[in-house]
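Asks:
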Amino acid sequence: MTPHKLDRGAKALKRLKVYEGIPPKYARRQRLCVPTALRTVCLKPGRSYCSVGRISHEVGWKYKTIVRHLERKRREKSIEKIKLHTVYLIT
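Letter 27 of the sequence shown, counting from 1, is numbered 32 in my numbering, and no numbers are missing.
#1: Are the Cβ atoms of V72 and E25 separated by less than 8 Å?
#2: Do you know how far the Cα of H90 is from the Cα of Q35?
#3: Under three-state DSSP, which class holds E25?
#4: If distances are taken between C-alpha atoms only, which option among W66, S83, V64 and P8 comes closest to I27?
#5: Nearest-angstrom Cα distance between V46 and L37?
#6: Can you tell me the Cα-Cα spacing of P29 and S53, whole angstroms?
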């Protein structure tokens, strides 16, 4: 837990940046596969885990459906861009 009442904790919270989805600064960059990020694929059976989105929704966050819709649109646009890029490379 961050000591938000202390000076260093308050400064740390001021520097914190939180985004829903992919930040615009990184939205157009190429995505890479990071082996340490494959934790979600390689979780041990029987271990319970959850996502931040689910917890947030259960606590009262109201934008789960909106973010899901925007993420779907972003993925569709990304797929179209990849298809266009591969066609361009082939020709």
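Glycine is no exception: its CB is placed at the ideal position from the N, C-alpha and C atoms.
Replies: Concretely, from the data shown:
#1: Going by C-beta atoms, V72 is nearer than 8 Å to E25.
#2: 13 Å
#3: coil
#4: Closest option to I27, Cα to Cα, is S83.
#5: 16 Å
#6: Going by the C-alpha atoms only, they are around 32 Å apart.
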